[in-house]
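Written below as structure tokens is the structure these notes are about.
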Amino acid sequence: MKRINCLNCRYFKITWNPKHPRACTFFGFKTAKMPSQLVFESTGEPCQQFTPRKKVQSGP
Numbered sequence: 373m374k375r376i377n378c379l380n381c382r383y384f385k386i387t388w389n390p391k392h393p394r395a396c397t398f399f400g401f402k403t404a405k406m407p408s409q410l411v412f413e414s415t416g417e418p419c420q421q422f423t424p425r426k427k428v429q430s431g432p
């Protein structure tokens with residue numbers, strides 16, 4: 373099973389809440405764990421909503 377990296381997901385956000393610093397905007401929750409870990413613990417399956425972030429081109 374491939375591990376989901378929330379840092380590369382378009383729905384992953386960082387919050388200002390020190391008790392719940394990570395969030396998933398697709399599912400609408402904040403958590404202390406990585407959102408994909410919480411989804412796996414709740415459903416027993418890897419996150420099905422992972423969507424890679426769009427690459428931002430830098431430079432000229």
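Per our numbering, the sequence shown starts with residue 373, numbered consecutively. Just so you know, even glycine gets a beta-carbon here, dropped at the ideal spot from N, CA and C.
Give me the Cβ distance between residue i and residue j, rounded to the nearest whole Å; I'm assuming they're in contact under 8 angstroms.
i	j	result
T423	R382	5 angstroms
Please list the terminal residues of the continuous alpha helix (DSSP H) segment that includes residue i.
i	result
T423	Careful: T423 lies outside any alpha helix (DSSP H) and carries neither H nor E.
T415	P407 to T415
Could you please give the first and the last residue of the uninterrupted beta strand (DSSP E) stretch that includes residue i?
i	result
R382	First-last for R382: undefined, no H or E at that position.
Per DSSP, what kind of secondary structure is residue i in: helix, strand or coil?
i	result
K402	strand
R375	coil
Quick check: what's the CA-CA separation for residue i versus residue j?
i	j	result
C419	L410	9 angstroms
C396	P390	16 angstroms
R425	S408	15 angstroms
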